[in-house]
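**Student:** Once you know that position 118 of the sequence shown is 118 in UniProt numbering, the rest is easy, because the numbers rise by one and skip nothing.
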Amino acid sequence: MNRRELLKTIGLSSIALPLLSATSEFTAKAIQSTALNFKFGELELFLFSDGANVLKEPFPLIAPNKTEKDYLNARKECYLDQPMAFSLNILLIKKDEKYILFDTGNGLGKNENVGKLLEQMQASNIPANLITDIILTHAHGDHIGGILLPDGNFAFKNANYYIGQKEFDFWMKENNESTKNILNKIQTKLTFIKQSDILFDCIKVEETIGHTPGHLAFEITQNGKILKHIADVVHSPILIRYPEYGIKYDRDFETAVTTRKKVLEEAYQKRQLLVAMHLPWPGIGYIGKRDNKYDWIPLSFASNLKQIEL
């Protein structure tokens with residue numbers, strides 16, 4: 001089955017994809033899994049790619065209040081010589097019988113570079129109907145767009161949802177019908193979460209506002225170790241090296257800068273392992289320093305391992 005046929009099938013039925021067998025032509029031949037599998041204490045983690053949004057004009061999207069020369073110098077410092085793109089790195093946690101997904105990506109039918117989460121999950125033998133819980137970091141379209149299929153049915157028919165009350169309330173008042181439609185659809189399955197809440201005995205909620213009014217990060221703890229999902233606190237290595245440069249998408253620019261600096265400094269001081277939605281695939285690593293500026297240090301691992309132990 002090619003990708004066009006897959007999209008047509010999914011568009012016709014919300015249960016079509018989960019019913020594909022693990023030995024189908026789709027899984028075995030057409031789609032190869034690029035997912036990474038981790039062991040983190042008693043948890044099994046997966047990182048999936050929903051694709052990447054290619055940036056035709058990275059400046060002034062990044063560093064909107066700076067000069068193009070500032071931007072180009074920062075890009076050079078970060079060794080970003082290739083065309084710029086925002087990756088879409090989706091984290092899944094398996095805890096006992098729970099399959100907990102953080103955000104859902106763009107969804108199907110947006111453009112050919114994104115919307116690959118469902119096929120990547122299927123290729124890893126995790127069909128969408130296994131997902132029990134979906135934690136939403138915030139309600140931008142590239143994070144909630146995958147909740148619904150093109151026909152309006154749920155992509156994850158057995159999932160419950162979690163989001164910050166501030167985030168939900170903000171978007172329900174905004175003039176954004178697509179977002180409101182998705183949030184309205186999940187209301188009967190929705191739980192509101194807040195600062196310091198503990199989910200599933202291992203996930204701590206942290207408010208990281210600025211990018212949106214209710215943006216959340218999450219500390220995942222096992223045996224004293226922490227893996228922190230910072231979602232859209234940073235979009236690019238440039239914003240790690242120059243957190244004050246910011247991005248046009250930040251709803252409250254100055255608050256986002258303050259939040260970014262706080263998160264980066266804590267990660268640096270505590271040597272926290274981070275996952276970020278939009279950093280270059282797979283978006284997992286540490287914050288270091290070079291020339292007294294923060295630096296992104298991708299996690300080092302052997303690429304031939306079936307499972308990476310954190």
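Idealized CB from N, CA, C, for every residue including glycine.
1. At 4 residues or longer, and completely inside the region 46 to 83: list those alpha helix (DSSP H) runs for me, N to C.
2. Tell me whether the region 267 to 280 and the region 217 to 235 touch, counting them as touching only if at least three CB pairs, one residue from each stretch, are closer than 8 Å.
3. Within this structure, are the beta carbons of L264 and I240 separated by less than 8 Å?
4. What would DSSP say about P282, mapped onto helix, strand or coil?
5. Tell me where the beta strand (DSSP E) around S178 begins and ends.
6. Would R260 pass as a contact of P213 if the rule is Cβ separation under 8 Å?
7. So K95 packs on L43, CB below 8 Å; how close in whole Å?
8. Between P282, I134 and L310, which has its C-alpha nearest K189's C-alpha?
9. Pairs of beta-carbons, one from the region 144 to 156 and one from the region 101 to 118, closer than 8 Å: are there three or more?
10. So, is G152 buried or exposed, given that buried needs 16 or more other C-beta atoms within 10 angstroms?
11. So, are the CB atoms of V234 and L279 less than 8 Å apart?
12. Taking C-alpha atoms, which residue in I203, Y268 and E68 lies nearest to N292?
13. Taking L36 and P282 to be in contact with their CB atoms under 8 Å, please state how far apart those CB atoms are, rounded to whole angstroms.
14. For the beta strand (DSSP E) containing L117, list its first residue and its last residue.
15. CA-CA distance, I308 and T67?
16. Can you tell me which of the three DSSP states H140 falls into?
17. Just the C-alpha distance for P298 and Y286, rounded to the nearest angstrom, thanks.
18. How would you label T23, buried or exposed, when you count the other beta carbons within 10 angstroms and need 16 or more for buried?
19. Going by the CB atoms, is the gap between Q32 and A159 shorter than 8 Å?
20. Taking only heavy atoms of the ligand HEM into account, decide whether any of them is closer than 7 Å to the Cβ of H143.
21. Quick one: what's got a C-beta closer than 6 Å to T179's C-beta in the same chain, skipping five residues either side?
22. Measure the CB-CB distance between N89 and S49 and report whether it falls below 8 Å.
23. Is the beta carbon of I163 closer than 8 Å to that of L199?
24. By alpha-carbon positions, which one of K248, K204, N304 and S303 ends up nearest to P64?
25. According to DSSP, which residues form a beta bridge with N89?
26. Below 8 Å between beta carbons: does that hold for A74 and I238?
**Tutor:** Short version:
1. 58 to 61 and 68 to 77
2. yes
3. yes
4. coil
5. Premise fails: S178 lies in the alpha helix (DSSP H), E177 to K185, not in any beta strand (DSSP E).
6. no
7. 6 Å
8. I134
9. yes
10. exposed
11. yes
12. Y268
13. 5 Å
14. Run containing L117: none in the beta strand (DSSP E); it sits in the alpha helix (DSSP H), L117 to A123.
15. 41 Å
16. coil
17. 6 Å
18. Low confidence applies to T23: its pLDDT is 34, below 50, so where it sits in the model is not reliable, and the reading given next is rough at best. By the 10 Å Cβ count, T23 comes out exposed.
19. no
20. The ligand HEM is not among the ligands present in this structure, which contains no ligands whatsoever.
21. A139 and W171
22. yes
23. no
24. K248
25. S49
26. yes
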